[in-house]
Every structure is written in C-alpha cells, then in structure tokens.
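Residue numbers for the sequence shown follow this note's numbering, so the first one is 274 and each next one is one higher.
Virtual Cβ for every residue (Gly too), placed ideally from N, Cα, C.
If you're wondering where the values come from, they're calculated on a predicted model, not measured in any experiment.
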Amino acid sequence: MAERQTGRFLANRLAAAGLKPQHHFGQNFLIDLNLVELIVRTAGLSKTDVVLEIGTGAGSMTRLLAEQAGAVISAEIDQHLFALATAELEGCDNVELILGDALKSKHTLKPELMDAVRRKMTDIGPQARFLLVANLPYNVATPIISNLLHETPMPAMMVVTIQKELADRLVAAPATKDYGALSVWVQTICRSETVRVLQPSVFWPRPNVQSAIVRIDTDPAKRAAIPEPKAFHETLRALFFHRRKFLRSVVISAMKEQLDKANVDRVLQQLGFDSQARVEELSPTEISRLIEGLRLATAASAPVYRPVAETTDADNEESRDTESGGADS
Ligand code: SAH
Numbered sequence: 274m275a276e277r278q279t280g281r282f283l284a285n286r287l288a289a290a291g292l293k294p295q296h297h298f299g300q301n302f303l304i305d306l307n308l309v310e311l312i313v314r315t316a317g318l319s320k321t322d323v324v325l326e327i328g329t330g331a332g333s334m335t336r337l338l339a340e341q342a343g344a345v346i347s348a349e350i351d352q353h354l355f356a357l358a359t360a361e362l363e364g365c366d367n368v369e370l371i372l373g374d375a376l377k378s379k380h381t382l383k384p385e386l387m388d389a390v391r392r393k394m395t396d397i398g399p400q401a402r403f404l405l406v407a408n409l410p411y412n413v414a415t416p417i418i419s420n421l422l423h424e425t426p427m428p429a430m431m432v433v434t435i436q437k438e439l440a441d442r443l444v445a446a447p448a449t450k451d452y453g454a455l456s457v458w459v460q461t462i463c464r465s466e467t468v469r470v471l472q473p474s475v476f477w478p479r480p481n482v483q484s485a486i487v488r489i490d491t492d493p494a495k496r497a498a499i500p501e502p503k504a505f506h507e508t509l510r511a512l513f514f515h516r517r518k519f520l521r522s523v524v525i526s527a528m529k530e531q532l533d534k535a536n537v538d539r540v541l542q543q544l545g546f547d548s549q550a551r552v553e554e555l556s557p558t559e560i561s562r563l564i565e566g567l568r569l570a571t572a573a574s575a576p577v578y579r580p581v582a583e584t585t586d587a588d589n590e591e592s593r594d595t596e597s598g599g600a601d602s
C-alpha cells in the first residue's frame with residue numbers, strides 16, 4: 274500500500290525529484306484526502322466502470338480510482354509528474370497513463386484518450402459505464418467538459434473539481450452575469466450540481482480562487498435530440514458573441530453566409546421571438562428551439578450542400594472569456 278499523499282508527503286516527494294509545482298500547468302494538488310475520497314465516492318464507482326482522469330499529478334486520486342473502477346485512463350501533460358506517477362502507481366494493472374496534452378486543439382480532445390476509453394469499455398462488455406473523474410487543470414477545464422459532450426460515448430457522469438466561477442456558469446440561470454454559451458450547452462444535455470465549495474487551503478499550492486466539486490449527469494436522449502450537435506454548438510457560441518445586443522442583429526450576424534435577413538426575420542416571427550429580446554434572457558429550451566428553427570431554414574434555403582461557415586466570432590468570444598478565467602464552452 275503506497276503512502277497517503279498528504280501535503281507534506283507531496284511537497285517532499287516533489288522536492289526529492291527536484292520538482293516544483295508549475296503554475297502554467299494549473300498544478301494545484303488536492304491535499305485534503307477526505308475530499309479526494311468525497312470525489313471518488315460521488316462517482317459511485319464499480320468494477321464495470323471506465324474512468325478518465327485528466328491531470329494525473331502525482332497519482333493520488335488515480336490510485337483510489339484504480340481500486341474502485343474496472344479501468345482508469347489518466348492523462349498528464351508534465352513529463353516529470355508523468356514519471357513520478359508511473360513510479361507511484363507501479364502494480365496498478367488497471368491504470369493506463371498517457372503522457373501529453375489532453376486537448377488536441379481547443380475544440381477537440383486528444384483522440385488517443387477516447388480510443389483508450391472505448392477499448393477498455395469493449396473489454397468490460399455491454400455494462401461498461403464511462404465517467405470523467407478529475408481534479409481538472411483550471412486552464413483547460415472548460416474545453417474538456419465541453420468537448421466530452423461531443424464524444425461517443427459521452428461520459429455518463431463527470432465528477433470534477435473546477436473553479437467556483439466555472440461551476441457557477443454551469444448552473445447559471447438566464448439574465449444573470451454567469452449565463453452564457455457554456456451554461457446553455459451543458460444545461461441542454463446535462464443536469465449539474467455543486468457537491469461542495471472548496472477553499473484554497475485544501476490545495477497545495479493554494480490557488481487564488483475558490484473551487485468546487487461538481488457532479489454533472491449527462492442525458493444521452495437529450496443529446497440525441499439535437500440533430501447536429503457540432504453545428505448547434507457553433508451557432509450557440511456565435512449567438513452569445515454579442516450577448517447584449519438585440520436578438521435580431523445577433524442572429525443576423527451569427528447566421529451570416531448562411532441565412533439572409535428576410536429569412537432570419539421569418540424564423541424569429543414564426544417561432545414567436547421578440548426581436549427586441551436579448552439572447553442572454555432566453556432559456557436553454559428557447560435557444561434550442563431558435564437554433565433548430567435556424568437550422569431548418571438554412572437547410573431549406575440552401576439547395577446545394579454548403580459547409581458550415583468558420584465561426585471566427587466564436588473564437589473571439591473564447592479569447593475574451595479566457596481573460597475572465599476560462600474559455601467559454
Ligand atoms: N490529480 C492531481 C493533480 C491535479 S493538478 C491532484 O488531484 O492532486 C492538475 C494536473 O493536470 C497537473 O498535474 C498538471 O500538470 C496537469 N495538466 C495541466 N494541463 C494539462 C493538459 N492540458 N493535459 C493533461 N494534463 C494537464
């Protein structure tokens with residue numbers, strides 16, 4: 274049985290290896306072991322579960338996950354921590370450690386991760402369940418959660434430690450400052466709840482912000498109800514790019530190259546949207562109806578196939594959101 278990774282243990286372990294926590298990799302280790310246990314307990318694991326962890330760190334949670342799950346795939350970007358975790362987890366036969374960035378690009382996960390997940394699920398058989406359980410690196414928490422909702426399979430559940438500010442955005446209601454494309458995307462497919470708010474002192478080193486353990490339950494039927502999830506997500510981001518402008522002008526700019534003004538007006542009118550409304554006031558259900566209406570109108574007005582336009586607006590939105598602590602959806 275390996276030693277429990279308390280704060281002191283971890284500080285000594287890193288120092289012995291000549292390492293220091295790297296701020297740019299979001300290295301804030303969870304040193305309150307009761308909380309590591311709470312995260313794992315919240316996931317309610319069994320031996321038919323395949324768990325993806327992003328950010329192995331020194332492997333403290335990985336070991337606990339390995340004890341309870343059928344298989345664990347854990348990714349770590351820092352080669353020094355990867356080496357340390359490899360040593361720490363020696364003998365854990367059901368753990369696969371993957372070295373490298375969990376993201377291939379802002380909107381895609383490294384394919385190797387889901388390939389490994391699917392392989393393990395096939396080994397386990399039809400009862401296999403896929404979960405993300407992680408103390409997520411803060412700089413990539415949003416794209417990881419957001420991108421996993423596009424994957425096949427999606428995780429049945431995600432239990433993650435994230436910045437409190439991001440947790441608030443996941444559950445935000447319309448017309449609040451935290452409500453945005455990410456809120457709508459996640460709420461369209463999932464039910465999320467904050468399990469525990471965490472003070473900086475439970476991490477080493479201490480982050481500057483509060484964090485939260487969040488449980489996100491996905492609903493495959495809700496995703497299946499979205500005809501084209503990628504296009505839905507792109508339109509959604511584009512709609513929130515100018516969140517405070519009136520709906521009509523927001524929709525026109527989001528749909529440029531795809532739908533002319535007359536068609537936009539027709540969709541808004543047919544669906545009964547007030548063109549003086551603002552997108553940030555609409556509920557996720559209303560926004561889904563709007564995006565579906567726009568999709569159908571686009572398909573009807575385009576006799577030949579046109580690829581979805583590059584949504585540069587969406588990229589802008591994300592850089593803007595990065596400044597306030599994490600890219601949006
Ligand atoms: N799971 C450990 C570490 C959490 S800190 C614990 O709970 O204590 C976050 C970890 O994610 C760090 O080890 C950091 O190096 C790693 N990390 C940061 N960015 C990453 C990325 N893009 N892909 C994979 N791992 C990443």
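- The DSSP-derived three-state label of N408 is strand.
- Rounded to whole angstroms, E565 and F505 show a C-alpha spacing of 8 Å.
- DSSP places A344 inside the beta strand (DSSP E), whose first and last residues are 344-349.
- Cα atoms of F514 and R286: separation of roughly 45 Å, rounded to the nearest angstrom.
- Between the alpha carbons of K320 and K379 lies a distance of about 32 Å.
- Looking at R488, V552, I312, G332, the one whose alpha-carbon comes closest to that of P447 is V552.
- In this structure D351 is buried. Its beta-carbon is surrounded by 16 or more other beta-carbon atoms within 10 angstroms.
- Counting the other CB atoms within 10 Å of its CB gives N408 a total of 16 or more, which places it among the buried residues.
- Note that the C-beta distance between A401 and I371 is not below 7 Å.
- Of the candidates A289, A414, F476, the residue whose Cα lies closest to the Cα of I327 is A414.
- In this structure, the alpha-carbon of T558 lies about 46 Å from that of H353.
- Around the beta carbon of D322, a 10 Å sphere encloses 16 or more other beta carbons of the protein chains shown; the residue is thus reported as buried.
- About 17 Å separates the beta carbons of L308 and L439, which is beyond the 8 Å limit, so they are not a contact pair.
- According to the DSSP assignment, A429 belongs to no alpha helix (DSSP H), since it is labelled neither H nor E.
- Linking R516 to D547 through their CA atoms gives a straight-line distance of about 15 Å.
- By the C-beta criterion, the segment 525-533 is judged not to be in contact with the segment 461-471, since fewer than 3 inter-stretch pairs fall below 8 Å.
- Secondary structure at I304: coil, using DSSP grouped into helix, strand and coil.
- Counting along the chain, L325 sits inside the beta strand (DSSP E) bounded by residues 322-327.
- Contact annotation: V390 and I346 have beta-carbon atoms nearer than 7 Å.
- Less than 7 Å divides the Cβ of I486 from the Cβ of R469.
- Contact check for V457 against I560 passes: the beta carbons are separated by less than 7 Å.
- Residue pairing of C463 in beta bridges, as defined by DSSP: T491.
- Beta bridge pairing from DSSP links V470 with A485.
- Short of 6 Å from the beta carbon of A550, and not among the five residues preceding or following it, lie these beta carbons of its own chain, in chain order: L520.
- Proximity of the beta carbon of I350 to the ligand SAH is indicated: a heavy atom of the ligand is located closer than 6 Å.
- Membership of E438 in the alpha helix (DSSP H) is indicated by the continuous run 437-443.
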